[in-house]
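Chemist:
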Amino acid sequence: MRKLFPLTALACLLAACGGSGDFTPDENAGMQLATKVSIFESQDNQKKWLLTAESVDFADLQSATLKKPELLLKEDGKDSARVSGDTGSFDYTKKLVTIDGNARITSFTEDVVIATDRIFYDVDKNRIWSDDKTTVTRGAAKITARGGVETDSKLTKIELKKQSTRLPKTTRELQRKK
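Residue numbers (our numbering): 5 to 182.
(1) In the DSSP assignment, the beta strand (DSSP E) including Asp121 goes from what residue to what residue?
(2) Closer than 8 Å is the cut-off here; do at least three beta carbon pairs connect the segment 88-103 with the segment 68-75?
(3) So, does the CB of Thr97 fall closer than 9 Å to a CB anywhere in chain D?
(4) According to the neighbour-count rule (16 or more other Cβ atoms, all chains shown, within 10 Å of its Cβ), is Leu75 buried or exposed?
(5) Below 8 Å CB to CB, which residues in the same chain sit around Lys165 once its five sequence neighbours on both sides are set aside?
(6) Looking only at its chain, what residues have a beta carbon closer than 8 Å to the beta carbon of Glu45, apart from the 5 residues adjacent to it on each side?
(7) Quick check on the DSSP output: the beta strand (DSSP E) that includes Gln50 runs from which residue to which?
(8) Can Lys137 and Arg170 be called in contact, C-beta distance under 9 Å?
(9) Please name the residue, chosen from Ser134, Lys129 and Asn130, that lies closest to Arg122 on a Cα-to-Cα basis.
(10) Hey, could you find the ends of the beta strand (DSSP E) Gln47 is sitting in?
(11) Could you pull the start and end residues of the beta strand (DSSP E) that Arg131 belongs to?
(12) Hey, how far is the Cα of Val60 from the Cα of Val41?
(13) Considering only residues of the same chain and omitting the five flanking positions on each side of Ser111, which have a CB-CB separation below 6 Å?
(14) Cα separation between Ser88 and Asp48?
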């Protein structure tokens, strides 16, 4: 009876470890997954931008695939805006960040929210844009740009393409929240 228990326990352990759901290198060749990753660029000892993600697949030599990416843009060492979405990618050679699925820019300095399906950020040109229907909200004012928007990382000047505007009822609704 004493020998039967260890053999039964060993058989149960082997059965639990076996199965088709196990990870083997052959099944996922080239997969290089990392969790809680940060990628950033600094200039004059200050970060210009910080890209974080829940998980990142580095298997492609040209770009990284991001899950739950968040791009934090900085101005004079302070957080100026956050770009977030469901998925994304970072193209190493083009230095281009793409954020897809419920893409959203929240400006901390201009009290503006920009929402669309996909947002692009060109690191070298410090340029943010979308190429599809995009809404820009500030206070009670809401603008829809059917052709997308283009701006810099400061979000002080936003170019709207094919726009329609819903005006607020009073000028007070346009004022910044304090």
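Where a beta carbon is used, it is the ideal one built from N, C-alpha and C, also for glycine.
Modeler: Once the coordinates are examined:
(1) In the sequence shown, residue 121 corresponds to position 117, counting from 1. In this chain, the beta strand (DSSP E) harbouring Asp121 covers Val117 to Asp126.
(2) Put simply, the segment 88-103 touches the segment 68-75. At least three CB pairs are less than 8 Å apart.
(3) Of the protein chains in this structure there is only one, and it is not chain D.
(4) Reading the sequence shown from its first residue, position 71 is the one you call residue 75. That one is buried.
(5) In the sequence shown, residue 165 corresponds to position 161, counting from 1. Cβ neighbours of Lys165 beyond the five flanking positions: Ala149, Arg150, Gly151, Gly152, Val153 and Glu154.
(6) Position 41 of the sequence shown, counted from the start, is the residue given in the question as residue 45. Around Glu45, the same chain offers Lys51, Lys52, Trp53 and Val127 as residues with beta carbons nearer than 8 Å, after the five sequence neighbours per side are excluded.
(7) Start at 1 with the first residue of the sequence shown, and residue 50 comes out as number 46. Secondary structure note for Gln50: its beta strand (DSSP E) is the uninterrupted segment Gln50 to Asp61.
(8) Stepping through the sequence shown from its first residue, residue 137 is reached at position 133. Stepping through the sequence shown from its first residue, residue 170 is reached at position 166. Judged by beta-carbon spacing, Arg170 lies beyond the 9 Å limit of Lys137, meaning their Cβ atoms are not closer than that value.
(9) For the purposes of this step, residue 122 is identified with residue 118 of the sequence shown, where counting begins at 1. Its Cα nearest to that of Arg122, the residue Ser134 stands out among Ser134, Lys129 and Asn130.
(10) One-based indexing of the sequence shown puts residue 47 at position 43. Looking at the DSSP string, the run of the beta strand (DSSP E) that includes Gln47 is Leu37 to Gln47.
(11) The residue you call residue 131 lines up with position 127 of the sequence shown. Arg131 to Trp133 is the extent of the beta strand (DSSP E) around Arg131.
(12) Mapped onto the sequence shown, residue 60 falls at position 56. Mapped onto the sequence shown, residue 41 falls at position 37. The C-alpha of Val60 lies about 7 Å from the C-alpha of Val41.
(13) The count along the sequence shown starts at 1 and reaches residue 111 at position 107. So the qualifying residues of the chain are Ala85 and Leu159.
(14) By one-based count along the sequence shown, residue 88 stands at place 84. By one-based count along the sequence shown, residue 48 stands at place 44. If I take the Cα positions, the gap works out to 26 Å.
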